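Novice: Just dropping this structure here.
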Amino acid sequence: MKTWFSGFMQRTFTSLSIRNYRLFFYGQAISQTGSWAQTVAQGLLVLMLTGSGTALGIVTALQTIPVLILGAWGGVLVDRYPKRKLLYMTQIAGGLISLLIGVLVITNTIELWMVFFTSFLNGLIKVVDNPARQTFVREMVGNDHLVNAVSLNSMTMNLARVIGPAMAGVLVATVGIGECFILDGLSFGAVIFTLWKMREDELHPGRIVTRAKGQMREGWDYVRREPVIRNILIMMTIIGTFTYEFSVTLPLLAEFTFDNGASGYATLTSAMGVGAVIGGLYVAGKNRGSAAKLVSIAAMFGAAVVFVSFSPTFALAVLGMVVVGFFSISFTSLANSTIQLTSRPDMQGRVMSFWSMSFLGTTPIGGPIMGAVGEHAGARMALFLGGIAAFAAAGMGLYTMRLQRRTENRENIIEVAD
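According to this note's numbering, the sequence shown is numbered sequentially starting from -11.
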């Protein structure tokens, strides 16, 4: 038993044996916790200023619309410049914005337009930060440990999703909303410090692409030509648009279906976070994946969401959200690492920018759609449609995978005949 456990721990946390990644991992854990505390504080701030759910939705849209519109351009920048230097810039900019908002709140000079404006600035930062951060993981750990490192990263973010809001609740109750923004601003310093402490000679940097015309179009053409990358991005777009709208569907489920309000929403979200931590550890311990496995995980993810939509009691819904979290992180971790391992080194930034567009950039589209479904047809129907969307993504992936195999077999037969 002890030998099995030791082997499991070694496989699961193998990336932490790499010094640069270990530093990055700890810095991200601190920064993500601060970011989730800031997310809660921002929602409370907007409601305090306006009392409007619509204003809250606008803030969320302003943070994601830049990724949808400018994501491909951000990928070009990431391919042109060293990822570590770009991360220095994005972390400094993000930290300064949070500190600024914190000061404005504490001095009672904050206005709604300032929240809108800084939310849009944060969205612009994400255009570069997301693909830079994703591709930098590969530069730290190489190909052999990429699945493990991506899974641990996702697990850390979900732990932060549980710890950060709890920390925000304590801060708001004891000192105030502004201090949550100050905490977030300071937490960016952890990432900046870990980037500074890294050993450059132990990184595995990809080739820097020389500036030239048509590089964004080249990225689109590359994605269309590569069936594995193309199919994963299509699957992620479907799931990102309709299934990953839990910030819309879960509050409706808690409030109007189970009559549990804010505490019910927090419980459902925490349950998903717990499942995601377990799933992250599971995937990290596997260190490998396949297209067939990705399709099956997408189908099980959809089945778990459908189960929650039909749950007759709140307790069963909470249990179902643990399973949802497990398969959610399993899908994103495996899909993320697969397209990174499949893509050419000089296309990493552009490919991962399309990933960010599929994952985050779809929120301004899917959020209003699922919100409208939840409002007029009920939260259960909205969740059910999200589950069906995951099934559809799995079906599309299975179909294209089989079609690709038939094409390859046909080509092999022709080569043998020749």
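Virtual Cβ for every residue (Gly too), placed ideally from N, Cα, C. Predicted, not measured: the structure shown is a model, and the values here were computed from it.
Please report the Cβ distance between F230 and L373, rounded to the nearest whole angstrom; I am assuming they are in contact, meaning their Cβ atoms lie under 8 Å.
Specialist: 6 Å
Novice: Taking the alpha carbon of L35 as the point to measure from, which residue in I113, V103 and R187 has its own alpha carbon closest?
Specialist: For the residues I113, V103 and R187, the minimum Cα distance to L35 belongs to V103.
Novice: By how many angstroms is the C-alpha of T78 removed from the C-alpha of Y69?
Specialist: So the two alpha carbons sit approximately 13 Å from each other.
Novice: Between the region 215 to 229 and the region 318 to 328, can you find at least three pairs of beta-carbon atoms closer than 8 Å?
Specialist: yes
Novice: Considering just the uninterrupted stretch of the alpha helix (DSSP H) at S86, what are its terminal residues?
Specialist: K71 to I94
Novice: Tell me whether K281 counts as near the ligand ADP, meaning its Cβ is closer than 7 Å to at least one heavy atom of that ligand.
Specialist: Annotation note on the ligand ADP: not contained in the displayed structure, which lists no ligands.
Novice: Okay, do the region 221 to 237 and the region 107 to 126 touch, 3+ Cβ pairs below 8 Å being the bar?
Specialist: No, the region 221 to 237 is not in contact with the region 107 to 126.
Novice: Alpha helix (DSSP H) containing P153: first to last residue?
Specialist: L134 to T162
Novice: Secondary structure at F362, three-state DSSP: helix, strand or coil?
Specialist: Position check: residue 362 holds Gly in this sequence, whereas Phe was assumed. Helix at G362.
Novice: Considering just the uninterrupted stretch of the alpha helix (DSSP H) at E190, what are its terminal residues?
Specialist: Unbroken run through E190: none, as it is neither H nor E.
Novice: May I ask you to report which of helix, strand or coil DSSP gives S251?
Specialist: helix
Novice: When the Cα of T123 is compared with those of L75, M186 and A287, which residue comes out closest?
Specialist: L75
Novice: Can you give me the Cβ contacts of V293 inside the same chain, cut-off strictly under 7 Å, excluding the 5 residues immediately before and after it?
Specialist: T231, V312, L371, G374, G375 and A378
Novice: Please give the ranges of any alpha helix (DSSP H) in the region 303 to 370, keeping only runs that are unbroken, at least 4 residues long and fully inside the region.
Specialist: 336 to 347 and 351 to 365
Novice: Is the beta carbon of V283 less than 8 Å from the beta carbon of G385?
Specialist: yes
Novice: Using the rule of at least 16 other Cβ atoms within 10 Å of the residue's Cβ for burial, across every protein chain shown, is E127 buried or exposed?
Specialist: buried
Novice: Counting Cβ pairs, one atom from each stretch, are 3 or more of them under 8 Å apart for the region 43 to 56 and the region 165 to 178?
Specialist: no
Novice: Does the beta-carbon of E363 have 16 or more other beta-carbons within 10 angstroms, so that it is buried, or is it exposed?
Specialist: exposed
Novice: Does the structure place the region 48 to 68 close enough to the region 343 to 359 that three or more beta carbon pairs sit under 8 Å?
Specialist: Judged by Cβ distances under 8 Å, the region 343 to 359 makes contact with the region 48 to 68, as three or more pairs qualify.
Novice: Quick one: measure Cβ to Cβ for G349 and T48, integer angstroms, because I've assumed they're closer than 8 Å.
Specialist: G349 to T48, Cβ: 12 Å. No contact.
Novice: Given a cut-off of 8 Å, decide if F315 and I353 are closer than it, judged by their beta-carbon atoms.
Specialist: no
Novice: Among residues of its own chain, excluding the 5 on either side of R212, which ones have a beta-carbon nearer than 7 Å to its beta-carbon?
Specialist: R218
Novice: Using 8 Å as the threshold, is the C-beta distance between A17 and T144 below it?
Specialist: The Cβ-Cβ distance between A17 and T144 falls below 8 Å.
Novice: Can you tell me which of I98, M260 and L322 puts its alpha carbon nearest to the alpha carbon of Q30?
Specialist: I98
Novice: On the DSSP letters alone, give me the boundaries of the alpha helix (DSSP H) that V197 sits inside.
Specialist: Where V197 is concerned, there is no enclosing alpha helix (DSSP H), given that its DSSP letter is neither H nor E.
Novice: Within the chosen definition, does the region 79 to 86 reach the region 177 to 192 through at least 3 CB pairs nearer than 8 Å?
Specialist: yes
Novice: In angstroms, rounded to a whole number, what distance separates the CA positions of A280 and S321?
Specialist: Rounded to the nearest angstrom, the gap between the Cα atoms of A280 and S321 is 15 Å.
Novice: For V129, which of F319, I89 and S3 has the nearest alpha-carbon?
Specialist: S3
Novice: Can you tell me whether G202 is helix, strand or coil according to DSSP?
Specialist: coil
Novice: Give the DSSP-derived three-state secondary structure of E233 in the structure shown.
Specialist: coil
Novice: Can you round the beta-carbon distance between I165 and L32 to whole angstroms, since I take them to be within the 8 Å contact cut?
Specialist: Yes, I165 and L32 are in contact; Cβ-Cβ is about 6 Å, under 8 Å.
Novice: Are the CB atoms of L147 and V310 nearer to each other than 8 Å?
Specialist: no
Novice: State the Cα-Cα distance for the pair R390 and S331, rounded to the nearest angstrom.
Specialist: 21 Å
Novice: Output needed for K114: all residues of its chain with C-beta closer than 6 Å, excluding positions within five of it in sequence on either side, in chain order.
Specialist: V55.
Novice: Cutting at 7 Å between CB atoms, please list the residues of its own chain near A380, excluding the five before and the five after it.
Specialist: Excluding positions up to five away in sequence, the list reads I226.
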